[in-house]
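J.: Could you have a look at this structure, given as structure tokens, before my questions?
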Amino acid sequence: MAVADYRRLVGVLEAVDRATDLREFQERLVRALQRWFGYAGIAVLHGGTLYEAVGSGCGVQGGYSPRFLADYAAHWAESDPFRTERACRLLTAAGVVTLDEVAQDREYAERFLRPYGITGKAGMVIDGGPAGVLYVGMAVRDTPQVSVRDLAVLRTLRRHLAPLAVEQLARHREQTASRSEWRLTPREWEVARLAAQGLTNQRIADRLFIGVDTVKKHLSRALEATGCASRVELAARWRRWERPGGVRNAAATADIHST
1 MAVADYRRLV GVLEAVDRAT DLREFQERLV RALQRWFGYA GIAVLHGGTL YEAVGSGCGV
61 QGGYSPRFLA DYAAHWAESD PFRTERACRL LTAAGVVTLD EVAQDREYAE RFLRPYGITG
121 KAGMVIDGGP AGVLYVGMAV RDTPQVSVRD LAVLRTLRRH LAPLAVEQLA RHREQTASRS
181 EWRLTPREWE VARLAAQGLT NQRIADRLFI GVDTVKKHLS RALEATGCAS RVELAARWRR
241 WERPGGVRNA AATADIHST
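Just so you know, the sequence shown maps onto residues 1 to 259 in UniProt numbering.
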């Protein structure tokens, strides 16, 4: 790799190595990839398996417009080539793959991505074994596809990110086990967490790549399961849970805004 590529590699690693939890790690990784690689859109998702991470995983995104996210959730999520078993097999084998490698036709690229100016995508996976899986999706504009040079740097970056990501995934898994009394699915938990932080239903939908109606359904279930009558009560209970003696510190991580 060239000196500039090593600089990008170190820049990303320095950005994420002091993250205090998985959420902050994901958010820092989004910002670092935007800064050092200039990607137009990024999603960093996690799940118990790769198929779960790319198909319904929780995480953060940056660089995508609300219109893009709404269109994706309403019409294209089920057609996303990276959410197929074929893509999961290729990702598991190679670690980093491009849209051209996983897509069996050009419909998704031509009818959905290109109208938004996106000309190529790549996916990267970090498998933490029992701790879970981290998936990173990246989109480019103004170039035909993710460059061969970028792919080489991403493969090297993946190896160096792995121990940091696995540590965060393992810690997150422990935290999840400790809150089993809430009896929420991972998606319901994520919606409840964001609602407790004050995000609107639309902002939550944008963050999680789901529709507003789906947010409402998950939030209703979370309120029922936790015995809370309102979002205000849910936020108050969340703050009590986050105080010293709970699973984590009360400092909430920053939101990643769509642009």
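Ideal Cβ placement from N, Cα and C applies to all residues, glycine included.
By DSSP, does Met-92 sit in helix, in strand, or in coil?
T.: For the sequence presented, residue 92 should be read as Thr rather than Met. Helix.
J.: Return the chain-ordered list of same chain residues with a C-beta closer than 8 angstroms to the C-beta of Ala-165, the five sequence neighbours on each side being excluded.
T.: Counting only Cβ-Cβ distances below 8 angstroms, and skipping sequence neighbours, we find Phe-25, Ile-126, Gly-128, Leu-134.
J.: Is it the case that the Cβ atoms of Val-16 and Leu-29 are separated by a distance below 8 angstroms?
T.: Their beta carbons are under 8 angstroms apart, which means Val-16 touches Leu-29 by this criterion.
J.: How do the segment 102 to 120 and the segment 71 to 88 stand: do at least 3 beta-carbon pairs fall below 8 angstroms, yes or no?
T.: Output reads yes: the segment 71 to 88 touches the segment 102 to 120.
J.: Which residues share a DSSP beta bridge with Tyr-135?
T.: Paired residue(s): Leu-45, Val-125.
J.: Output needed for Ala-192: all residues of its chain with C-beta closer than 6 angstroms, excluding positions within five of it in sequence on either side, in chain order.
T.: Cβ within range, chain order: Ala-222.
J.: Could you give the DSSP three-state label for Thr-156: helix, strand or coil?
T.: Thr-156: helix per DSSP, three-state reduction.
J.: If I follow the unbroken beta strand (DSSP E) through Gly-59, where does it start and stop?
T.: Start and end: 58 to 62.
J.: What is the DSSP secondary structure of Ile-256, reduced to helix, strand or coil?
T.: With a pLDDT of 28 at Ile-256, under the threshold of 50, the modelled position of that residue is not reliable, and no figure is offered here.
J.: What does a CB cutoff of less than 8 angstroms around Thr-119 pick up in its chain, not counting 5 residues either side in sequence?
T.: Excluding positions up to five away in sequence, the list reads Leu-113, Val-140, Arg-141, Asp-142, Thr-143, Pro-144, Gln-145.
J.: Looking only at C-alpha atoms, which of Gly-117, Leu-69, Glu-174, Ala-122 sits nearest to Arg-155?
T.: Taking only the C-alpha atoms, the option nearest Arg-155 is Ala-122.
J.: Taking the alpha carbon of Gln-168 as the point to measure from, which residue in Val-12, Arg-18, Ala-236 has its own alpha carbon closest?
T.: Minimum Cα distance to Gln-168 is reached at Arg-18.
J.: Going straight from the alpha carbon of Leu-184 to that of Ala-109, what length do you get?
T.: Cα to Cα, the separation comes out at about 35 angstroms.
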